[in-house]
Amino acid sequence: MLLKSRTPSWTYLLIPFGLLPFAIVATVLEKRVKAAAWPFCPRCLKLRTGRLLGGIGVVVFAILAVLVLAAAVPHGTSYAGPIVLAFVALLFVGLLLAANAGWPLIASAHVSRDGSAVEVRNAHPRFAEHAAALQAWAAQQQWAAQQQWPAQQGYRQPQQWQPHYAHPQYPEQQSPGPGGTMPS
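Heads up: the sequence shown at position 48 corresponds to 48 in my numbering, and the numbers run straight through without jumps.
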């Protein structure tokens, strides 16, 4: 399931300048989070099925109604305009119902404006408990990974730096002679 952030309200001021500038700015500002597994309760599944079947049912009814009315209405009458208008209205309502059956809308979830969290409106208490437990588990896993990372990369714990002075086992360096060359 792909969750998206809400479109900032100020971007709607771009619509008078054209839908393309609005769409570009809204898409650029949009934050996305892919939720690989999202727990839906039976009530949510029932709501999705009802919206989807309701939307498809209204669209099918609109198509059948136009076909029946086209066959039943005598030619030469002025009923064509209201029939087309009713068809377009029913088609719009059906598509709107079906579009509201999307998983993010059923979950009532969206990404925060800064993209750092997923906000769920009217979350069921059991879902909130489950999400809090998963968040604590993820934080613990992240902490453990951060602790193990230096060891996996071959890094040692930082040691305090000690200055090294000339050691007796190393010969003293000779200073360069005239002209910058080392005497042999």
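All C-beta atoms in this analysis are idealised placements derived from N, C-alpha and C, irrespective of residue type, glycine included.
Is residue i helix, strand or coil when you go by DSSP?
| i | result |
| --- | --- |
| residue 184 | Residue placement at residue 184 is poorly supported in this model, since its pLDDT is 48, which falls under 50; the coordinates are not used for a value here. |
| residue 9 | helix |
| residue 119 | strand |
| residue 32 | strand |
| residue 112 | coil |
| residue 130 | helix |
| residue 39 | coil |
Just to confirm my understanding: we take residue i, look at its own chain, exclude 5 residues before and 5 after, and list those with CB closer than 6 angstroms. What are they?
| i | result |
| --- | --- |
| residue 48 | 101 and 106 |
| residue 1 | 35, 38 and 103 |
| residue 109 | 3, 118 and 120 |
| residue 19 | none |
| residue 54 | 97 |
State yes or no: is the C-beta of residue i nearer than 7 angstroms to some heavy atom of the ligand GTP?
| i | result |
| --- | --- |
| residue 54 | For the structure depicted, the ligand GTP is absent and the ligand set is empty, with no information on it obtainable. |
What are the boundary residues of the alpha helix (DSSP H) that includes residue i?
| i | result |
| --- | --- |
| residue 187 | Only positions 1 to 184 of the chain appear in the structure, and residue 187 is not among them; the question remains open. |
| residue 80 | 80–99 |
| residue 105 | 103–107 |
| residue 19 | 19–29 |
Do you know how far the Cα of residue j is from the Cα of residue i?
| i | j | result |
| --- | --- | --- |
| residue 132 | residue 27 | 30 angstroms |
| residue 10 | residue 24 | 14 angstroms |
| residue 69 | residue 50 | 27 angstroms |
| residue 134 | residue 143 | 14 angstroms |
| residue 56 | residue 46 | 15 angstroms |
| residue 116 | residue 31 | 9 angstroms |
| residue 83 | residue 63 | 11 angstroms |
| residue 42 | residue 122 | 16 angstroms |
Could you pull out every residue in the same chain whose Cβ sits closer than 7 angstroms to the Cβ of residue i, ignoring the five residues on either side in sequence?
| i | result |
| --- | --- |
| residue 52 | 98 and 101 |
| residue 170 | With a pLDDT of 46 at residue 170, under the threshold of 50, the modelled position of this residue cannot be trusted, and the question is left open. |
| residue 8 | 29 |
| residue 33 | 3, 111 and 118 |
| residue 14 | 21, 22 and 25 |
What residue range is occupied by the uninterrupted beta strand (DSSP E) comprising residue i?
| i | result |
| --- | --- |
| residue 2 | 2–4 |
Is the region 85–96 in contact with the region 126–133, if contact means three or more CB pairs nearer than 8 angstroms?
-> no
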